[in-house]
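**Q** Here it is: the structure, laid out below.
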Amino acid sequence: MNNWQNFTKGFFKENPTFVLLLGMCPTLGVTTSAINGLGMGLATAFVLVLSNLAISLVANSIPDKIRIPGFIVIIAAFVTVVDMCMAAYLPSLHESLGLFIPLIVVNCIVLGRAESFASKNKAIPSMLDGLGIGLGFTMALTLLGCIREVLGSGKLFNITLYSENYGMIVFVLAPGAFIALGYLIAFINRIRKTN
Amino acid sequence: MEYIFIFIAAVFVNNIVLAQFLGICPFLGVSKSVPTALGMTGAVTFVMILATLVTFIVQKTILDPFEIGFMQTIVFILIIAALVQMVEIILKKVSPSLYQALGVFLPLITTNCAVLGVAIMVIQKNYNLLESVVFAASTAIGFGLALTIFAGIREQLELTSIPKGMKGTPIALVTAGLLALAFMGFSGIVK
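Residue numbers (the numbering used here), protein chains in the order written: chain Y, 397 to 591; chain H, 1405 to 1595.
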């Protein structure tokens, strides 16, 4: 598989949210608005690229038995970096994402890529794989964030499209997340079948 | 009285799965039948209480005095991973029958974000030790309640005819949405 395929497979063919159904907690938890979805997606993508790079470089020198704890420590280090940078430069986004930033550590996508791709491949393909999967995740989160924000509060990226009074508030609350994602996955399955 | 408030808030009002979106993976993954759901609940309850207890003590006796709070994420996840391993080994030795029942679910729990989530939440909410343990136990019960109800619904769902495109994950998510809507009825009981 060449580098271009490593990069692009995350967008559609192996999209982590819609096809592999990984990382559901942040997908449902933070997508109350498009901005939050975008921020969370980019934070995860950043961790994915760097952890994939680091793991592909050191994977051979980690004994097989403590492989998983080793990967988790590397991932947790990068998550801490993201957490502290975001708290310093984007405090309002950090506030609204809250608990979900430290929880990137237990996001199955990151550990999944480390185990199934980065530990077996060289540095450059691993980074491209991380970037592709990360951007695919960002795309999915932003899309779901857009849908929930438009239906729920009549805004898109904080620009008012129609009066908030006509918005269906349930889409901003918890139940709307499940229902919107359910229909979105059904829709994407349909597109994938026809292709 | 305070503890009853924490209990009701964690089980019904701020249900960990349906209101806070933590632990969705096991919620969707192991909710095909009621017995497996109960097994998972048992394992999660056990690990969650133990993990919260240990991480709380580590936070108060090591991280706070030495002012290395930024190490929280790394330290907590390592403690949880080690704890799960230890529980698995001890359980295998001490009670093989319990190990048979919970064993399959134990490795899955390391990546259950609800466990790490509760450990961090307890510190953020500034609870004391007893409050933390009550909170962890109630959260685990809330998780079990949501999981068991959902498993029951999914067992019935197998018998109904569902539009082709909605089969599998989509219908499960919409069902979870309706369940979350029902749980919203509890909001406002406790702040």
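Just so it is clear, CB atoms sit at the ideal spot from N, CA and C, and this is done for glycine as well.
Looking at residue 454 of chain Y and the ligand FAD, is the gap between the Cβ and the nearest heavy atom below 7 Å?
**A** Of the ligands one can find in the structure shown there are none, so the ligand FAD has no counterpart to examine.
**Q** Give every residue of the same chain whose Cβ lies closer than 6 Å to the Cβ of residue 425 of chain Y, excluding the five residues on either side of it in the sequence, and list them in chain order.
**A** Only 496 meet the Cβ criterion.
**Q** If we ignore side chains and look at the alpha-carbon of each, how far apart do residue 364 of chain Y and residue 405 of chain Y end up?
**A** In the structure displayed, chain Y extends from 397 to 591; residue 364 of chain Y sits before or after that span and is not available.
**Q** From what residue to what residue does the alpha helix (DSSP H) around residue 589 of chain Y run?
**A** It spans 570–590 - the alpha helix (DSSP H) in which residue 589 of chain Y sits, taken as one unbroken run.
**Q** For a contact defined as C-beta to C-beta under 7 Å, what are the partners of residue 1570 of chain H on chain Y?
**A** Near residue 1570 of chain H (Cβ distances below 7 Å), the residues of chain Y are 582.
**Q** Flag this pair as yes or no: are the beta carbons of residue 506 of chain Y and residue 452 of chain Y separated by less than 8 Å?
**A** No. Outside cutoff.
**Q** In the structure shown, what three-state DSSP assignment does residue 1543 of chain H receive?
**A** Correct three-state label for residue 1543 of chain H: helix.
**Q** Between the region 575–586 of chain Y and the region 1574–1589 of chain H, do three or more beta carbon pairs fall short of 8 Å?
**A** At 8 Å Cβ cutoff, the stretches touch.
**Q** Report yes or no: do three or more beta-carbon pairs, one from the region 449–467 of chain Y and one from the region 528–546 of chain Y, lie closer than 8 Å?
**A** With the cut-off at 8 Å, the region 449–467 of chain Y and the region 528–546 of chain Y do not touch.
**Q** Drop a sphere of 10 angstroms on the beta-carbon of residue 588 of chain Y, count the other beta-carbons inside from all chains shown, and report buried for 16 or more, exposed for fewer.
**A** Per the 10 Å Cβ criterion, exposed.
**Q** Taking buried to mean at least 16 other C-beta atoms within 10 Å of its own C-beta, is residue 1465 of chain H buried or exposed?
**A** Residue 1465 of chain H comes out exposed.
**Q** Does the beta carbon of residue 1477 of chain H come closer than 8 Å to any beta carbon on chain Y?
**A** It does: the Cβ of residue 1477 of chain H has a partner Cβ on chain Y nearer than 8 Å.
**Q** Pull up the distance between the alpha-carbon of residue 1567 of chain H and that of residue 476 of chain Y, whole angstroms please.
**A** In a straight line, the C-alpha of residue 1567 of chain H is about 44 Å away from that of residue 476 of chain Y.
**Q** Quick check on residue 499 of chain Y - is its C-beta less than 8 Å from some C-beta in chain H?
**A** At least one chain H Cβ lies under 8 Å of residue 499 of chain Y.
**Q** Out of Y/583, Y/552 and Y/548, point me to the one whose CA is closest to residue 571 of chain Y's CA.
**A** Considering only alpha carbons, the answer is Y/548.
**Q** Assign residue 1514 of chain H to one of three DSSP states: helix, strand, or coil.
**A** Residue 1514 of chain H falls in the coil class under three-state DSSP.
**Q** For chain Y, find out if any of its Cβ atoms is closer than 8 Å to the Cβ of residue 1490 of chain H; answer yes or no.
**A** It does not: the Cβ of residue 1490 of chain H has no partner Cβ on chain Y nearer than 8 Å.
**Q** Closer than 8 Å, Cβ to Cβ, to anything on chain H: give me those residues from the region 471–500 of chain Y, in chain order.
**A** From the region 471–500 of chain Y, only 472, 473, 475, 476, 479, 480, 495, 498 and 499 have a Cβ closer than 8 Å to chain H.
**Q** Using a Cβ cut-off of 8 Å, which residues of the region 1407–1425 of chain H contact any Cβ in chain Y, in chain order?
**A** The residues in question are 1422, 1423, 1424 and 1425.
**Q** Below 8 Å, can you find three or more Cβ-Cβ pairs linking the region 1420–1440 of chain H to the region 1551–1563 of chain H?
**A** Result yes; three or more Cβ-Cβ pairs closer than 8 Å.
**Q** What's the gap between the Cα of residue 1467 of chain H and the Cα of residue 1527 of chain H?
**A** Approximately 11 Å, taken between the alpha carbons.
**Q** Based on DSSP bridge pairs, tell me the residues matched to residue 552 of chain Y.
**A** Partner(s): Y/555.
**Q** So is residue 1476 of chain H buried or exposed if we call it buried at 16+ other beta carbons inside 10 Å?
**A** Buried.
**Q** Using a cut-off of 8 Å between C-beta atoms, extract the partners of residue 436 of chain Y located in chain H.
**A** Near residue 436 of chain Y there are no residues of chain H at all, since even the closest Cβ is about 12 Å away, more than 8 Å.
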